[in-house]
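Let me begin by presenting the structure, written as C-alpha cells, before commenting on it.
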Amino acid sequence: MPHDPTHRLLREMRLLRLYAGALTLAFIAVLLTAFKAPDPHFERLSVERLDIVDADGVARVVLANQQRFPPPMLNGETFKRAVSPAGLVFYDRKGNEVGGLALTDVEAGKVSALAFDNPNMDAIGLLTRIGADGEPISSGLQINQAVPSHVKVLDAARQATRRIVIQNERNDAEILLADAAGKERIRLRVDHAGDAGIEILDADGRVVFRAPEAAPQNP
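In this note's numbering, the protein residues as written are 555 to 773.
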C-alpha cells in the first residue's frame with residue numbers, strides 16, 4: 555500500500571516542531587546560565603575611571619587617571635584644581651570630597667600625597683616631593699589648623715595655616731610646631747651631618763632659646 559503523502563508531511567511537521575522546541579529550550583537554558591553565572595573573576599581590568607557608588611547611587615570612591623580625575627566637590631559646588639593628578643578621591647554620603655590619594659607628575663617634579671579633609675579644607679596629609687632632576691626633596695606629615703566649618707572653601711584656604719610638620723627635608727630630619735597664625739615657634743632638627751638642636755621662637759620669629767648654643771666664632 556503506497557504511503558499517504560499527507561500523513562507523511564504531517565508527521566515531518568510534528569518532528570520539526572519538536573526539534574524547534576528543543577532548540578528553543580536549549581537556547582533559553584544557555585541564556586539563563588549566562589545571566590546567572592557565578593561572580594565573574596577578572597585577572598586584569600583596564601579603565602580610565604572607576605566610580606564606586608553606594609545604594610543611592612552617590613559616588614563614594616573614584617579611581618581615575620589624570621585626564622578623568624574629578625574636580626573638588628563641596629556642598630554641591632565644584633572647584634578647580636591647581637594641577638590634575640591621577641589617583642583616588644573619597645566622598646561622604648552627600649558627595650563631598652573628604653580626602654584622597656593624588657599622584658602628580660609634571661616637568662617641575664613629582665608630588666605624591668595622601669590627604670584627609672576637614673569640612674572645608676585639608677586637615678592632614680602625607681607628602682613626598684621629587685625634583686625635576688629626579689632627586690628626592692622631602693617627605694613628611696603635615697597637620698593644618700582647623701577652620702570653622704561655616705567658613706567658605708576659598709576663604710578657608712586663605713586662612714589655612716600649617717600647625718605641625720614632621721619631615722625629612724633634604725636629609726634634615728625636622729619637627730616644626732607653629733602657632734595659630736602659622737608662625738614657627740618650636741624647631742627640632744637633626745641635620746644631614748648628624749648635628750641635633752632645638753630652637754624656640756617668639757611671635758616675631760626671633761629665636762629666644764637655642765640648645766645647644768652655637769659655638770663662638772673665632773675672630
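Beta carbons are placed, not taken as given, at the ideal position from N, Cα and C, and that holds for glycine. Nothing here was measured: the structure is a model prediction, and the numbers come from that model.
Straight across, the Cα-Cα distance linking N619 with V607 is about 18 Å. Here the C-alpha atom of I697 lies approximately 32 Å from the C-alpha atom of E602.
Counting of Cβ neighbours within 10 angstroms places P639 among the buried residues, the total reaching 16 or more. For L730, the number of other beta carbons within 10 angstroms of its own is at least 16, and it is reported as buried. Excluding its 5 nearest sequence neighbours in each direction, R683 has C-beta neighbours in its own chain below 6 Å: V665, I691, S692, listed in chain order.
When Cβ pairs closer than 8 Å are counted between the two stretches, the stretch 709 to 716 is seen to touch the stretch 668 to 675, the count reaching three or more. Under the DSSP assignment, Q696 falls in the beta strand (DSSP E) whose first and last residues are 690 to 698. Relative to V719, the option among R743, A686, V652 whose CA is nearest is R743.
Beta-bridge partners assigned by DSSP to G653: F644, F670. For L642, the closest C-alpha among the options L599, A669, A734, D687 is that of A669. Membership of Q713 in any beta strand (DSSP E) is not indicated; the residue belongs instead to the alpha helix (DSSP H) covering 707 to 713.
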